[in-house]
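Just below is one structure, and these are the notes that go with it.
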Amino acid sequence: MAVEIGIDVDLLRSEIQKTYASVAADPETERIFPTGRAWAEDLDYPEELARVPEPAVESFAGVANPFSLGRLQPGERVLDLGCGAGTDSLVASQMVGPGGRVTGIDMTPQMLAKARAAADAMGAENVEFVEADAERLPFADASFDVVVSNGVIDLVPDKDAVFAELYRVLVPGGRIQLADVTIQQPVSEEGRRKIDLWTG
Ligand SMILES: C[S@@+](CC[C@H](N)C(=O)[O-])C[C@H]1O[C@@H](n2cnc3c(N)ncnc32)[C@H](O)[C@@H]1O
């Protein structure tokens, strides 16, 4: 175990995978967090959302809109950290165009399967999806111009490891466009041990 958080990290990982496998398989089920196209539209997603196929967007589970921090530029190499079913990757793929490249990583295979199917349906040839852990990225140093991430780092036990990896894989002067959940007060020991508070 790399970091002491008062919880079994292997159990946490498998509960997170269970939660998001179910968001992939049963997108219609009501949850404590919002999902789907109507939610992305509420967040003022850019016009590229319209071309993203339904199998991706129905399992969109972001917490905010990372593109509100700025549009991506043609030719950029983008990492979508915790891409889920691929909505942000497929928005990004349209922004960076054929000269750019988008790599989505996620640890939940059911989400990645939906992302790959949606990329095929859209004919997006500049996107790939890789199964990986955000704490250990299988990429060379300085291989991306920009990282987008939406609702993922709050789920990861070792946040220092994630940021170390992001700084490593970004080029010097690269950008991080992060949408995530933050807290204003320290969480109690008891709260930290409640797996449901981590997974949702
Ligand atoms: C709230 S969902 C957001 C998915 C996507 N970014 C979106 O906006 O729809 C969180 C995603 O992060 C993934 N995830 C959580 N912890 C992860 C980790 N340590 N490494 C890689 N992916 C992780 C989950 O599998 C899930 O697909």
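According to numbering that gives the first Met the number 0, the sequence shown is numbered sequentially starting from 0.
The C-beta atom is built at its ideal place from N, Cα and C for all residues, glycine as well.
Limits of the alpha helix (DSSP H) - the one that S88 falls within: That run of the alpha helix (DSSP H) goes T86 to V95.
Among A84, F59 and V126, the one whose alpha carbon lies nearest that of R30: When only C-alpha atoms are compared, the closest one is F59.
Within the region 56-133, ranges of the alpha helix (DSSP H) (whole runs, at least 4 residues): If one requires a minimum length of 4 residues, the alpha helix (DSSP H) runs lying completely within the region 56-133 are 86-95 and 108-121, in chain order.
Spatial neighbours of A1 in its chain, beta-carbon cut-off 6 Å, leaving aside the 5 residues before and after: In this predicted model, A1 has a pLDDT of only 46, less than 50, meaning its place in the structure is not dependable enough to derive any value.
Euclidean distance between Cα positions of A117 and V62: One Cα belongs to A117, the other to V62, and the distance between them is close to 21 Å.
Closer than 7 Å: G150 CB and nearest ligand 1 heavy atom: Correct: G150 has its Cβ closer than 7 Å to ligand 1.
Distance CB(L71)-CB(V95) smaller than 8 Å: L71 places its beta carbon less than 8 Å from that of V95.
R174 vs V145 beta-carbon contact at 8 Å: Yes.
Which residues DSSP lists as bridging L169, in chain order: Answer is F143.
Where the alpha helix (DSSP H) through S13 begins and ends: Going by DSSP, S13 is part of the alpha helix (DSSP H) stretching over V8 to A24.
Beta-carbon contacts of E130 that lie in its chain and below 8 Å, excluding the five residues immediately before and after: Here the set comprises I104, D105, M106, P108 and L111.
Contact test: A60 Cβ vs ligand 1 heavy atom, cutoff 7 Å: Yes, since a heavy atom of ligand 1 falls inside the 7 Å radius drawn around the Cβ of A60.
Burial state of R206, where buried means 16 or more other Cβ atoms lie within 10 Å: Only positions 0 to 199 of the chain appear in this structure, which leaves residue 206 out of reach.
8 Å Cβ cutoff met for S21 and G81: The answer is no: Cβ separation not under 8 Å.
Closest by C-alpha distance to D159, when choosing among A23, G98 and A133: Nearest option by C-alpha distance: A133.
Nearest neighbour of D24, chosen from V51, L169, I6 and A114 [CA to CA]: Reading off the sequence shown, one finds Ala at residue 24, where the question assumed Asp. When V51, L169, I6 and A114 are compared, the shortest CA-CA separation from A24 is found for A114.
Selection from T102, Q184 and G69 that minimises the alpha carbon distance to Q176: It is G69 whose Cα lies nearest to the Cα of Q176.
6 Å Cβ shell around Y19 - same chain, five flanking residues per side excluded: Within its own chain, the residues whose Cβ lies closer than 6 Å to the Cβ of Y19, once the five positions on either side in sequence are excluded, are T107 and M110, listed in chain order.
Beta-carbon proximity list for T86, same chain, < 6 Å, skipping 5 on both sides: Cβ neighbours of T86 beyond the five flanking positions: V51, A55, V56 and F59.
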